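Below: one structure, written as structure tokens.
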């Protein structure tokens with residue numbers, strides 16, 4: 005038998021990690037905002053001071069800068085749980101300690117229209133990646149301090165928000181857009197469907213870092229509202245994304261201030 009390659013992290017010849025392209029040693033800030041869409045990362049970058057590219061590999065991009073004196077890294081994760089798990093693994097190794105997903109979702113609650121802000125408290129692990137980290141009975145929970153910081157930032161900004169459960173799935177089509185699936189999770193008081201948060205929460209807990217998720221519906225699967233895909237209610241959606249970005253940045257600012265007081 006040959007030697008098995010079981011080393012957890014491999015690096016490229018220049019010392020960078022193979023997917024995120026970061027190296028560690030200061031290129032990744034303790035506070036990391038994650039978005040599936042690289043375009044949203046570019047949008048958030050305009051909110052930072054002196055943001056510099058620190059990684060670009062395999063479709064991932066990462067920038068590090070500061071927001072009102074708080075060091076922040078931005079990173080794209082692509083779509084789905086496998087991609088976000090890779091990002092958290094490598095960014096945590098490189099120095100990330102708090103991870104907040106700023107993302108889109110689909111609402112399954114009649115009272116959560118396009119453009120509203122949703123802060124996830126826990127995730128339904130209806131994806132496969134988290135099950136490689138923990139057994140099915142292990143909960144996927146957002147860090148309480150991160151949730152509290154997101155709530156405080158939203159309230160300070162005057163941004164209304166919903167607080168509750170997020171369901172993450174591996175299947176955008178078959179796993180979300182079926183009446184029986186929507187009805188099942190509505191009955192269990194899940195607020196939105198998306199594809200990353202439960203893996204984010206689980207991987208973060210497994211690796212000893214903190215995480216949270218702030219989401220904006222681009223559609224409502226119950227009322228039939230369709231924003232980003234059919235050009236409806238784009239102003240509301242854009243305003244919601246802006247509010248989510250401001251809230252996430254306000255949260256890391258609060259977490260950073262609190263860490264300096266300990």
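In the numbering used here, the protein residues as written are 5 to 266. Virtual Cβ for every residue (Gly too), placed ideally from N, Cα, C. Only a predicted model underlies this, so the values are computations on that prediction, with no experimental measurement involved.
A check of alpha carbon separations from residue 234 across 254, 144, 32 and 223 identifies 223 as the nearest. In terms of CA proximity to residue 28, 93 leads the group 80, 93, 7 and 41.
With fewer than three CB-CB distances shorter than 8 Å, the segment 61–76 does not count as touching the segment 170–181. Note that the C-beta distance between residue 40 and residue 82 is below 8 Å. Using a Cβ distance threshold of 8 Å, residue 207 and residue 98 do not count as a contacting pair. Taking a 10 Å sphere around the C-beta of residue 195, we find 16 or more other C-beta atoms and assign the residue as buried.
A straight line joining the alpha-carbon of residue 198 with that of residue 109 spans about 5 Å.
Here residue 13 is exposed: its Cβ has fewer than 16 other Cβ atoms, across all protein chains shown, within 10 Å.
Between residue 153 and residue 187, the alpha-carbon positions lie close to 32 Å from each other. Residue pairing by DSSP places residue 166 opposite 122 in a beta bridge.
In this chain, residue 221 is not harboured by any alpha helix (DSSP H); it is covered by the beta strand (DSSP E) spanning 214–224.
Three or more Cβ pairs closer than 8 Å define a contact, and the segment 119–132 meets that threshold against the segment 213–220. Residue range 238–264 is occupied by the alpha helix (DSSP H) that includes residue 241.
Beta-bridge annotation (DSSP): residue 13 is not paired with any residue.
Under DSSP, residue 190 forms no beta bridge with any residue.
For residue 139, there is no enclosing alpha helix (DSSP H), as DSSP gives it neither H nor E. Checking the DSSP bridge columns, you'll see residue 75 partnered with 70. A check of alpha carbon separations from residue 62 across 33, 241, 102 and 20 identifies 20 as the nearest.
About 23 Å separates the Cβ atoms of residue 130 and residue 214, ruling out a contact at the 8 Å cut-off. Here residue 31 is buried. Its C-beta has 16 or more other C-beta atoms within 10 Å. For residue 150, the enclosing alpha helix (DSSP H) begins and ends at 148–161.
Sequence-distant Cβ neighbours of residue 245 in its own chain, meaning closer than 6 Å and more than five residues away, are 220.
Between residue 35 and residue 238, the C-beta spacing is not below 8 Å. Residue 104 places its beta carbon 8 Å or farther from that of residue 203.
For residue 127, same chain residues with a beta-carbon under 6 Å away, outside a window of 5 residues either side, are 144, 170, 172, 201, 202 and 205 in chain order. Secondary structure at residue 65: strand, using DSSP grouped into helix, strand and coil. For the 8 Å CB-CB criterion, residue 106 and residue 243 do not form a contact. Comparing alpha-carbon positions, the option among 248, 89, 184 and 150 lying closest to residue 162 turns out to be 248.
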